[in-house]
Amino acid sequence: MDKKLKHRKIKDNIFTAVIVIITMLSTVPLVLILYYLAKMGISSISWEFFVNLPSPPGEIGGGISNAIVGTIILIGLAMIISIPPGILLGIYLAEAKYSKFIGLVRFSVEILQATPSIVIGIIAYLWIVTTLGGFSAISGSIALGLMMFPLVAKSTEETLKMVPNSIKEASFALGVPYYKTILKVVLPTGLSGIINGILLAVARVTGETAPLLFTAFGNPFMSTDITKPINSLPLLIFNYAGSPYKEWHELAWGASFVLVIMVLLFNISAKTIAKKWKIKY
Amino acid sequence: MNKIFNGDNNFQIITLFSGLLILTIVIGIFITLFVNSYEVLHTFGLDFIIGTDWNPVTQEFNAFPFLLGTLLTSFIALFIAFPISLSIAIFLGELSKDGMLNTLINGAVELLAGIPSIIYGFWGLFVLTPLVRELQLLIDIPPYGVGIFTASIVLSIMIIPYAASLSREVISMSPNEIKEAGYALGATRFEVIKSIILPFSGSGIIAGVLLALGRALGETMAVTMVIGNSHIIPDNIFSPGNTMASLIANEFTEATEEIYLSSLIAIGLVLLIVTAIVNVTGKYIIKKFIPNMN
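The listed protein sequences correspond, in order, to chains A and B. For the first sequence, position 187 matches number 187 in the working numbering, and the numbering has no gaps at all. For the second sequence, position 153 matches number 153 in the working numbering, and the numbering has no gaps at all.
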């Protein structure tokens with residue numbers, strides 16, 4: 001009896017030890033990735049790095065200004081395209097009564113969310129690039145917008161569902177029409193959650209490369225024309241990492257560092273907003 | 001017209017329009033992909049899926065090596081990631097429910113989920129590939145460095161957070177009364193986890209695995225950079241290979257003939273169908289078996 005108890009206790013200890021060890025070891029890749037990013041990235045960052053264009057191989061002192069500007073344009077346009085319909089769809093999903101149609105809409109949201117980013121790229125190519133007759137920033141933004149649309153809708157829906165009914169009913173009782181109740185009472189109440197969802201969606205698409213390969217395409221020069229190819233940080237990293245030139249590898253490490261910081265900032269601000277503005281009912 | 005809301009019609013129509021929009025987009029995606037790949041599916045028929053030759057020069061387009069590459073890398077990655085993410089989930093959901101260590105590990109997992117895939121690929125190419133090459137020299141096989149094995153490792157790191165976060169949530173949701181009943185009967189913690197918590201959270205863990213698998217199947221950039229891009233069926237897990245997504249990423253802009261482009265679009269369609277099935281099944285399990293979720 002005593003022996004059996006001992007046996008069970010040993011088993012328990014071994015189990016706990018294995019779990020703890022594996023969990024600790026699982027952080028090793030993250031530490032390694034951050035270590036290399038910091039080590040290789042910080043050394044290539046300087047003022048020139050942010051204001052210069054990429055230099056030809058063999059020359060030092062190149063920068064990534066065109067990719068930073070390109071990323072900002074691509075993301076900005078994608079936000080303009082995806083946020084309004086995303087929020088409307090979120091309202092629809094949160095408010096509409098159950099019907100067969102809404103089931104179909106929900107299913108579509110799930111499918112679009114699950115669509116691999118490379119397939120989104122193909123779609124934007126077939127829909128926009130072949131129509132316009134060439135690679136362009138706008139086609140890249142539409143690809144990114146297609147990825148953000150279901151994300152924004154989902155987070156809006158979840159936020160609005162948490163807004164208590166009593167608030168809505170109070171508004172109705174005052175004779176406020178339905179659309180005004182939604183726009184002026186329910187939406188503001190859930191605003192922090194909606195912004196949180198938007199920022200997370202932005203963080204998600206900022207690092208996307210696959211949908212931009214055959215839409216935004218990349219551009220070694222500075223461009224702000226949305227009907228022309230444009231560069232972005234992930235595209236620059238992909239193109240330069242695969243090149244045989246050491247200077248370009250350094251640019252890619254620097255760009256990776258900047259990209260990770262950008263994505264992190266979006267994630268952290270999303271968290272801060274969610275925490276700070278959280279309304280307690 | 002049936003009233004969707006109890007209220008104003010205009011507003012109702014505007015929001016309804018957004019629902020119609022997403023429905024149209026999704027139907028449009030399938031129709032576009034199908035129409036553009038019809039020629040290839042018609043020419044090669046079933047051979048498109050089971051044939052093994054991909055040669056743009058001789059106009060031979062069969063997708064099997066890439067289908068195999070996608071399945072191999074995803075399942076090897078899952079095989080590596082599953083025990084690790086389950087350990088993390090048990091650790092965060094049961095062993096150390098709060099405190100500094102929990103915050104630290106939780107933060108690390110979230111950070112891992114936030115890193116863009118291109119960074120994983122870049123890191124894999126410059127840091128992991130040389131290490132794999134050393135390993136290959138050690139066990140005396142051709143030292144490519146890049147290949148199915150390297151891609152699977154990078155993928156496994158990327159999907160750990162996906163499998164872990166859902167599992168952690170269901171594990172921490174397992175009812176306290178039953179756990180306490182277990183302890184009251186003299187069960188050790190291992191026994192409580194094995195015979196109470198894991199059976200309780202089984203469907204959630206499976207759903208997490210499916211969502212992680214969906215992510216792995218569709219992953220493009222990280223894989224493209226470290227898989228070696230070979231059109232031949234890999235003969236062992238260290239050989240270079242290719243996946244459906246990385247083939248599209250590499251060759252789409254080079255495809256000048258219509259049938260070439262159409263083949264790549266057909267591969268995109270196959271990829272979309274596979275990932276959609278895996279994801280929808282995962283979501284269905286969450287909805288069906290974990291009612292408290294969300």
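Just so it is clear, CB atoms sit at the ideal spot from N, CA and C, and this is done for glycine as well.
Min CB distance residue i to chain B below 7 Å
{"i": "residue 179 of chain A", "result": "yes"}
{"i": "residue 50 of chain A", "result": "no"}
{"i": "residue 207 of chain A", "result": "yes"}
{"i": "residue 8 of chain A", "result": "yes"}
{"i": "residue 256 of chain A", "result": "yes"}
{"i": "residue 275 of chain A", "result": "no"}
{"i": "residue 71 of chain A", "result": "no"}
{"i": "residue 238 of chain A", "result": "yes"}
{"i": "residue 88 of chain A", "result": "yes"}
{"i": "residue 98 of chain A", "result": "no"}
{"i": "residue 119 of chain A", "result": "yes"}
{"i": "residue 241 of chain A", "result": "yes"}
{"i": "residue 144 of chain A", "result": "no"}
{"i": "residue 85 of chain A", "result": "yes"}
Residues that residue i contacts on chain A, provided the C-beta gap is smaller than 8 Å
{"i": "residue 287 of chain B", "result": "Within 8 Å Cβ-Cβ: nothing; residue 287 of chain B doesn't reach chain A, min ~10 Å."}
{"i": "residue 185 of chain B", "result": "Simply none; closest approach about 13 Å."}
{"i": "residue 272 of chain B", "result": "115, 116, 119"}
When the options are compared against residue i, the one with the closest alpha-carbon
{"i": "residue 84 of chain A", "options": "A/208, A/183, A/225, A/257", "result": "A/183"}
{"i": "residue 108 of chain B", "options": "B/191, B/229, B/158", "result": "B/158"}
{"i": "residue 224 of chain B", "options": "B/183, B/148, B/199", "result": "B/148"}
{"i": "residue 217 of chain B", "options": "B/86, B/10, B/154, B/166", "result": "B/154"}
{"i": "residue 268 of chain A", "options": "A/189, A/97, A/198, A/141", "result": "A/198"}
{"i": "residue 11 of chain A", "options": "B/282, B/19, B/188, B/281", "result": "B/188"}
{"i": "residue 167 of chain B", "options": "B/150, B/81, B/249", "result": "B/81"}
{"i": "residue 193 of chain A", "options": "A/151, A/265, A/156", "result": "A/156"}
{"i": "residue 81 of chain A", "options": "A/218, A/109, A/57, A/152", "result": "A/152"}
{"i": "residue 159 of chain A", "options": "A/87, A/138, A/174, A/98", "result": "A/87"}
{"i": "residue 50 of chain A", "options": "A/67, A/56, A/35", "result": "A/67"}
{"i": "residue 274 of chain B", "options": "B/256, B/259, B/211, B/124", "result": "B/211"}
{"i": "residue 255 of chain B", "options": "B/55, B/20, B/38, B/67", "result": "B/55"}
Extent of the continuous alpha helix (DSSP H) run through residue i
{"i": "residue 203 of chain B", "result": "198–218"}
{"i": "residue 48 of chain A", "result": "47–51"}
{"i": "residue 130 of chain B", "result": "129–138"}
{"i": "residue 249 of chain A", "result": "246–276"}
{"i": "residue 150 of chain A", "result": "137–162"}
{"i": "residue 120 of chain B", "result": "117–123"}
{"i": "residue 260 of chain B", "result": "258–289"}
{"i": "residue 168 of chain A", "result": "165–173"}
{"i": "residue 179 of chain B", "result": "176–184"}
{"i": "residue 225 of chain B", "result": "221–226"}
{"i": "residue 110 of chain A", "result": "100–114"}
{"i": "residue 225 of chain A", "result": "First-last for residue 225 of chain A: undefined, no H or E at that position."}
{"i": "residue 69 of chain A", "result": "65–95"}
Where residue i meets chain B, residues with beta-carbon distance less than 8 Å
{"i": "residue 110 of chain A", "result": "279, 280, 283"}
{"i": "residue 129 of chain A", "result": "Those within 8 Å of residue 129 of chain A in chain B number zero; the least Cβ separation is about 10 Å."}
{"i": "residue 252 of chain A", "result": "122"}
Closer than 7 Å to chain A by CB, residue i
{"i": "residue 23 of chain B", "result": "yes"}
{"i": "residue 215 of chain B", "result": "no"}
{"i": "residue 200 of chain B", "result": "no"}
{"i": "residue 1 of chain B", "result": "Unreliable positioning characterises residue 1 of chain B in this predicted model, as indicated by a pLDDT of 41, which lies under 50. The coordinate reading is nonetheless provided below. Judged by the 7 Å Cβ criterion, residue 1 of chain B is not in contact with chain A."}
{"i": "residue 276 of chain B", "result": "yes"}
{"i": "residue 116 of chain B", "result": "yes"}
{"i": "residue 89 of chain B", "result": "no"}
{"i": "residue 15 of chain B", "result": "yes"}
{"i": "residue 151 of chain B", "result": "no"}
{"i": "residue 34 of chain B", "result": "no"}
{"i": "residue 11 of chain B", "result": "yes"}
Beta-ladder partner(s) of residue i, from DSSP
{"i": "residue 55 of chain B", "result": "B/60"}
{"i": "residue 217 of chain A", "result": "A/230"}
Per-residue contacts from residue i into chain A (C-beta, under 7 Å)
{"i": "residue 65 of chain B", "result": "What residue 65 of chain B touches in chain A: nothing, since even the nearest Cβ is about 17 Å away."}
{"i": "residue 111 of chain B", "result": "30"}
{"i": "residue 54 of chain B", "result": "The contacting residues do not exist; residue 54 of chain B stays about 17 Å from chain A at best."}
Interface partners of residue i on chain B, CB under 9 Å
{"i": "residue 176 of chain A", "result": "By Cβ distance, chain B contributes nothing, its closest Cβ being about 10 Å from residue 176 of chain A, past 9 Å."}
{"i": "residue 11 of chain A", "result": "188, 190, 191"}
{"i": "residue 163 of chain A", "result": "Simply none; closest approach about 15 Å."}
Cβ-heavy atom distance, residue i to the ligand NAD, below 6 Å
{"i": "residue 202 of chain A", "result": "This structure simply doesn't include the ligand NAD, nor any ligand for that matter."}
Under 7 Å by beta carbon: chain B residues contacting residue i
{"i": "residue 26 of chain A", "result": "84, 88, 160"}
Interface residues of chain A facing residue i [CB-CB closer than 9 Å]
{"i": "residue 127 of chain B", "result": "32, 33, 36"}
{"i": "residue 245 of chain B", "result": "116, 117, 118, 119, 210"}
Please identify, using Cβ separations under 9 Å, the residues of the stretch 221–242 of chain B that lie next to chain D, in order along the chain. Looking for chain D here will not work: the only protein chains present are A and B.
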